[in-house]
Amino acid sequence: MAYKLLLSIIAGLAPVGPVANGSVQDDVDQDVAGVPVALSQTVQTNVPAGYELVWSDEFDQPGLPNPAKWKYDTFRNEQGWFNNEKQYYSANREQNARIAGGHLVIEAHEEELAAAEYADWGEQEYTSARLITQGLGDWTYGFFEIRAKLPCGVGTWPAIWMLPSDPDIEWPHGGEIDIMEHVGFEPGVIHHSIHTTAFNFSRGTQQTAEHELPDACDAMHKYQLLWTADFMLFGVDDQPKFLFRKESSRRSRWPFDQPQHLLLNIAVGGSWVGQRGIDADAFPVRMEVDYVRVYQPIAAAGATAGPAKTTEAGDEQ
Numbered sequence: 001m002a003y004k005l006l007l008s009i010i011a012g013l014a015p016v017g018p019v020a021n022g023s024v025q026d027d028v029d030q031d032v033a034g035v036p037v038a039l040s041q042t043v044q045t046n047v048p049a050g051y052e053l054v055w056s057d058e059f060d061q062p063g064l065p066n067p068a069k070w071k072y073d074t075f076r077n078e079q080g081w082f083n084n085e086k087q088y089y090s091a092n093r094e095q096n097a098r099i100a101g102g103h104l105v106i107e108a109h110e111e112e113l114a115a116a117e118y119a120d121w122g123e124q125e126y127t128s129a130r131l132i133t134q135g136l137g138d139w140t141y142g143f144f145e146i147r148a149k150l151p152c153g154v155g156t157w158p159a160i161w162m163l164p165s166d167p168d169i170e171w172p173h174g175g176e177i178d179i180m181e182h183v184g185f186e187p188g189v190i191h192h193s194i195h196t197t198a199f200n201f202s203r204g205t206q207q208t209a210e211h212e213l214p215d216a217c218d219a220m221h222k223y224q225l226l227w228t229a230d231f232m233l234f235g236v237d238d239q240p241k242f243l244f245r246k247e248s249s250r251r252s253r254w255p256f257d258q259p260q261h262l263l264l265n266i267a268v269g270g271s272w273v274g275q276r277g278i279d280a281d282a283f284p285v286r287m288e289v290d291y292v293r294v295y296q297p298i299a300a301a302g303a304t305a306g307p308a309k310t311t312e313a314g315d316e317q
């Protein structure tokens with residue numbers, strides 16, 4: 001029964017865009033026994049069998065985000081953020097990140113800051129927040145579930161994603177895992193992606209999927225990732241949406257065996273999201289997060305992962 005259920009779930013996946021490591025039909029035709037059985041069970045149980053909660057934030061204490069669980073990423077404020085984005089990420093500023101009503105609220109505003117008060121202000125016209133768990137919550141493998149309501153508005157770019165925890169690893173060598181991205185000029189379209197040295201947007205080879213979630217900006221939804229040593233399975237509300245398999249041990253194609261941390265943010269504009277401009281009248285916009293929960297297999301929970309490996313020269317094939 002579980003095998004038939006697994007086949008039906010994988011057959012229902014609908015990745016869009018380049019998926020070089022196998023089409024959906026390929027996955028059905030192959031021997032899939034032992035692949036994402038765990039997430040197939042989440043249709044009924046919400047959490048893979050044999051997994052236990054190892055980290056969470058329920059956002060039940062009003063005020064600033066819990067400093068024992070979240071840090072603010074601000075290092076590119078003065079020189080400007082990647083991808084030609086237009087936001088300044090603040091720290092310890094409730095206007096941009098706060099706990100209210102049992103939710104984490106990340107809120108972006110159209111505003112200019114006082115240079116005397118914000119020494120790292122790069123003259124951006126928008127403020128926002130980028131929260132990270134680096135050094136406070138770092139994991140290799142697991143089941144990640146974030147329940148959130150997204151902002152809409154042309155020029156907005158909310159994201160729930162992961163990056164390597166080793167600060168010496170340069171992008172994209174350590175891999176990037178985009179659990180959820182939403183582009184303001186396509187309201188209700190959810191993107192799931194991975195980026196590596198071989199597979200990334202700068203080369204046009206990123207592995208990605210997109211699908212419609214019409215009420216993404218009006219209702220809470222569960223954005224999920226099941227990350228194992230052999231595959232990643234992305235889901236929304238217990239429904240699998242994108243499967244990425246490990247089909248090579250080359251680090252350019254699968255660097256996902258080292259610790260990563262979570263990021264929650266709203267970016268503004270940029271090379272992709274700003275293609276149709278920024279609707280200043282849409283601001284302020286907010287992403288509300290009900291909870292963040294991380295589960296790992298019971299035997300692995302509490303295990304300490306080793307340092308990330310560096311990419312070997314010539315490994316970009």
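Numbering (the working numbering), first residue to last: 1 to 317.
Heads up, the beta-carbon is just placed ideally off N, CA and C, and yes, glycines get one too.
Comparing alpha-carbon positions, the option among C152, P151, G175, A148 lying closest to H261 turns out to be G175. Counting only residues of its own chain and dropping the five nearest sequence neighbours on each side, E85 has a CB closer than 7 Å to the CB of A267, V268, G269, G270. Each residue's CA atom was taken as its position, placing Q239 and K222 some 10 Å apart. Our two residues, Y118 and R98, have alpha carbons roughly 19 Å apart in a direct line. Only residues of its own chain outside the window of five on either side were considered, and among them I132, W161 have a CB closer than 6 Å to the CB of L263, listed in chain order. Within the model, the alpha-carbon separation for I177 versus P151 is close to 21 Å. The region 120–132 makes contact with the region 67–84: 3 or more CB pairs, one atom from each, lie closer than 8 Å.
Across the structure, D237 and G277 are spaced so that their CA atoms are roughly 31 Å apart. The continuous beta strand (DSSP E) containing W227 extends over residues 221–227. The DSSP-derived three-state label of G142 is strand. Linking A108 to P214 through their CA atoms gives a straight-line distance of about 22 Å. Residue range 285–297 is occupied by the beta strand (DSSP E) that includes V292. Bridge pairing for A129: absent [DSSP]. Under the 10 Å beta carbon count, S90 is surrounded by 16 or more other beta carbons and is classified as buried. Between G274 and the set A299, T205, F185, the nearest pair of CA atoms involves F185.
Here S252 is buried: its Cβ has 16 or more other Cβ atoms, across all protein chains shown, within 10 Å.
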